[in-house]
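The structure appears below as structure tokens.
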Amino acid sequence: MVHLRDAQGSESRVQARAVIDATGTWGQPNPAGADGVPAIGERAAAAAGVLSYIPPTSRQACALAGRHVVVIGSGHSAMTAVIQLGEVVRQDPSTTVTWVLRRGVVGDTFGGGAADELPQRGALGVRSREAVDAGLVALLTGFRTERVDLTGGRAVITAEDGRAIPAADHVMVLTGFRPDLSFLSEMRIELDPILQAPLKLAASIDPNMHSCGSVLPHGAAELAHPEPDLYIVGMKSYGRAPTFLAMTGYEQVRSIAAELAGDHEAAGRVELTLPDTGVCNGAGLFDSPEVENAGGCCGPAPSAPQPLSLNTIGG
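Oh and the sequence shown: position 282 is 282 in UniProt numbering, straight run, nothing missing.
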């Protein structure tokens with residue numbers, strides 16, 4: 001029995017043959033705090049509109065011309081923001097952009113480049129690195145955010161080691177997402193306690209274990225739970241892991257549809273070849289000082305935390 005509430009607030013119950021949870025993770029962003037919880041003062045900064053969790057549109061990026069913008073995160077969303085803001089700096093050099101990474105720079109920080117079998121994804125890393133190399137964006141590494149303090153309508157971000165970033169007009173926290181499991185609390189679901197992904201799937205998508213390999217295609221068998229005919233699919237099925245591809249979700253749904261139709265042979269058949277990522281490590285969601293200083297499996301050891309110097313901060 002499924003309890004429903006529509007956009008108007010009307011409630012009802014329906015009896016379902018099966019339930020497929022494809023609600024994603026977009027509404028559950030990870031915080032800026034290095035320990036997986038909001039940094040001190042982060043909630044207040046978000047409420048004040050000085051801090052946000054969604055990549056900017058081109059128009060929103062242009063509206064930040066002449067300002068100091070901080071981008072926190074190492075994934076594709078952060079790279080996209082860095083590229084957009086770098087173009088704003090080209091047009092208005094009084095704009096200042098600081099890109100904050102928790103880890104030191106390792107061989108795969110900017111993705112796989114030409115080695116990535118998804119060219120557009122590889123281009124994100126290439127273009128974001130070009131923005132850094134051209135001096136359009138200041139890169140700050142080894143920075144684990146502890147607090148965000150509002151002062152005069154701007155945000156001062158301080159790391160656990162005491163370093164502080166000059167006051168920012170806006171902070172973009174693009175550190176990934178996590179699943180909302182609250183409405184499944186009465187269901188018998190079996191999740192990995194760290195990744196929050198289906199237990200049978202978690203071992204094959206853990207970014208700390210699968211640092212130089214592709215995730216194998218998977219379907220109904222790996223996504224099943226003790227609750228009969230309940231499946232979590234899409235981005236949400238990966239929990240906190242950052243390696244999901246849309247084509248993986250399509251294969252998941254194909255397999256589950258076949259299973260529900262009684263075609264067990266089709267459900268267990270692999271009909272997808274995933275492209276190589278061209279990178280070695282995950283996105284650093286579960287990083288620690290030990291991980292940060294260990295280097296990637298395919299790259300050099302990271303540099304020590306880098307000092308930051310900003311000569312121009314827009315008003």
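We put the beta carbon where it would ideally sit given N, CA and C, even for glycine. Here the structure is a predicted model, which means the values were calculated and not measured.
### Task
Measure the C-alpha to C-alpha separation of V97 and E227 and round it to an integer number of angstroms.
Looking up residue 97 in the sequence shown gives position 97. Looking up residue 227 in the sequence shown gives position 227. Going by the C-alpha atoms only, they are around 48 Å apart.
### Query
Anyone know if the C-beta pair for A131 and G162 falls short of 8 Å?
Counted from its first residue, the sequence shown places residue 131 at position 131. Counted from its first residue, the sequence shown places residue 162 at position 162. 8 Å or more divides the Cβ of A131 from the Cβ of G162.
### Task
Give the straight-line distance between the Cα atoms of R13 and L4, rounded to the nearest whole angstrom.
Within the sequence shown, numbered from 1, the residue matching residue 13 stands at position 13. Within the sequence shown, numbered from 1, the residue matching residue 4 stands at position 4. R13 and L4: Cα-Cα distance of roughly 6 Å.
### First and last residue of the uninterrupted beta strand (DSSP E) at Y231
In the sequence shown, residue 231 corresponds to position 231, counting from 1. Where Y231 is concerned, the enclosing beta strand (DSSP E) starts and stops at L230 to I232.
### Query
Closest to G152 by CA distance: which of V137, A164, A168 and A159 is it?
Taking the sequence shown and counting its residues from 1, the one referred to as residue 152 is at position 152. Ranking V137, A164, A168 and A159 by Cα distance to G152 puts A168 first.
### Query
Counting Cβ pairs closer than 8 Å, one from the region 14 to 29 and one from the region 176 to 183, do we hit at least three?
Result yes; three or more Cβ-Cβ pairs closer than 8 Å.
### Query
Who pairs with D21 in a beta bridge, going by DSSP?
Taking the sequence shown and counting its residues from 1, one reaches residue 21 at position 21. Per DSSP, I232.
### Selected residue, minimal CA-CA separation from L64, among Q91, A224 and Q120
Position 64 of the sequence shown, counted from the first residue, corresponds to residue 64. Residue Q91 is the option with its Cα nearest to L64.
### Query
Should the region 259 to 271 be regarded as contacting the region 235 to 245, the criterion being three or more beta carbon pairs within less than 8 Å?
Flag = no, the region 259 to 271 and the region 235 to 245 do not touch.
#### Entry: Where S58 sits in the DSSP three-state scheme
For this step, residue 58 is matched to residue 58 along the sequence shown. Here S58 sits in helix by DSSP.
### Query
Is M172 helix, strand or coil when you go by DSSP?
Translated into positions along the sequence shown, residue 172 becomes position 172. In this structure, M172 counts as strand in the three-state DSSP scheme.
### Task
Could you give the DSSP three-state label for H3: helix, strand or coil?
Taking the first residue of the sequence shown as 1, we reach residue 3 at position 3. When secondary structure is reduced to three states using DSSP, H3 falls in the strand class.
### Task
Compare the beta carbon distance of M172 and V69 with 8 Å and say whether it is the shorter of the two.
Stepping through the sequence shown from its first residue, residue 172 is reached at position 172. Stepping through the sequence shown from its first residue, residue 69 is reached at position 69. The Cβ atoms of M172 and V69 lie closer than 8 Å to each other.
### Task
Can you give me the Cβ contacts of I256 inside the same chain, cut-off strictly under 6 Å, excluding the 5 residues immediately before and after it?
Position 256 of the sequence shown, counted from the first residue, corresponds to residue 256. Result list for I256: A220 and Y231, in chain order.
### Task
Assuming residue 324 contacts T141 (C-beta within less than 8 Å), just tell me the rounded distance between them.
With the chain running from 1 to 315 in the structure shown, residue 324 is simply not present.
### Message
So, with DSSP's three-state summary, where would you put E11?
### Response
What you label residue 11 is simply residue 11 of the sequence shown in a count that begins at 1. Secondary structure of E11 (DSSP, three-state): strand.
### Query
How long is the line joining the alpha carbons of V100 and E11, rounded to whole angstroms?
In the sequence shown, counting from the first residue as 1, residue 100 sits at position 100. In the sequence shown, counting from the first residue as 1, residue 11 sits at position 11. For V100 and E11, the distance between alpha carbons rounds to 44 Å.
### Query
Using the beta-carbon count (16 or more within 10 Å), is A45 buried or exposed?
Within the sequence shown, the letter at position 45 stands for residue 45. Buried, since its Cβ has 16 or more Cβ neighbours within 10 Å.
### Query
Considering only residues of the same chain and omitting the five flanking positions on each side of V233, which have a CB-CB separation below 8 Å?
Within the sequence shown, residue 233 is the residue found at index 233, counting from 1. So the qualifying residues of the chain are I20, D21, A22, L223, G249, Q252, V253 and I256.
### Query
Hey, out of G9, S77 and P198, whose CA is closest to E190's CA?
Translated into the one-based positions of the sequence shown, residue 190 becomes position 190. When each option's Cα is compared against that of E190, the closest is P198.
### Task
Just mark P93 as buried or exposed, buried being the case when its beta carbon has 16 or more other beta carbons within 10 Å.
As a position in the sequence shown, residue 93 is number 93, starting the count at 1. With fewer than 16 other CB atoms across the displayed protein chains lying within 10 angstroms of its CB, P93 is exposed.
### Query
In this structure, does DSSP put D161 in helix, strand or coil?
Here residue 161 is taken as the residue at index 161 of the sequence shown, counted from 1. Three-state DSSP puts D161 in coil, outside helix and strand.
### Query
Anyone know if the C-beta pair for H218 and L195 falls short of 8 Å?
Against the sequence shown, residue 218 aligns to sequence position 218. Against the sequence shown, residue 195 aligns to sequence position 195. For H218 and L195, no; Cβs fall outside 8 Å.
### Query
Secondary structure at L245, three-state DSSP: helix, strand or coil?
Here residue 245 is taken as the residue at index 245 of the sequence shown, counted from 1. Residue state, collapsed to three classes: coil.
#### Entry: From G75, Q84 and P56, residue whose alpha carbon lies closest to that of T243
Looking up residue 243 in the sequence shown gives position 243. It is G75.
### Query
In this structure, does DSSP put D149 in helix, strand or coil?
Start at 1 with the first residue of the sequence shown, and residue 149 comes out as number 149. Correct three-state label for D149: strand.
### Query
Using DSSP with H/G/I as helix, E/B as strand and the rest coil, what is V88?
Position 88 of the sequence shown, counting from 1, holds the residue named residue 88. Correct three-state label for V88: helix.
### Query
What's the C-alpha gap between R103 and V71?
Within the sequence shown, residue 103 is the residue found at index 103, counting from 1. Within the sequence shown, residue 71 is the residue found at index 71, counting from 1. Looking at the backbone, the Cα of R103 and that of V71 are separated by about 14 Å.
#### Entry: Reduced DSSP category for H76 - H, G, I as helix; E, B as strand; rest coil
Position 76 of the sequence shown, counting from 1, holds the residue named residue 76. H76: helix per DSSP, three-state reduction.
### Task
Evaluate P275 with the Cβ neighbour count: other Cβ atoms within 10 Å of its Cβ, from every protein chain shown; 16 or more gives buried, anything less gives exposed.
Within the sequence shown, numbered from 1, the residue matching residue 275 stands at position 275. Looking at its Cβ environment, which holds fewer than 16 other Cβ atoms inside 10 Å, P275 is exposed.
### Message
By DSSP's criteria, R154 is part of a beta bridge. Which residues make up the other side?
### Response
As a first step, residue 154 is located in the sequence shown; it is residue number 154 there, counting from the start. R154 is bridged to T151.
### Message
Can you list, in chain order, the residues of its chain with a C-beta nearer than 8 Å to that of V2? Leave out the 5 residues immediately preceding and following it.
### Response
For this step, residue 2 is matched to residue 2 along the sequence shown. Only R13, V14, Q15, A16 and V19 meet the Cβ criterion.
### Task
Please list, in chain order, all residues of the same chain as E42 whose beta carbon is under 7 Å from its beta carbon, the five residues on each side excluded.
The residue you call residue 42 lines up with position 42 of the sequence shown. Here the set comprises P31, A32, G33, L51 and V148.
### Task
Return yes when the Cβ of T25 is within less than 8 Å of the Cβ of P55, no when it is not.
To locate residue 55, count along the sequence shown from 1; it is residue 55. To locate residue 25, count along the sequence shown from 1; it is residue 25. Their beta carbons are not under 8 Å apart, which means P55 does not touch T25 by this criterion.
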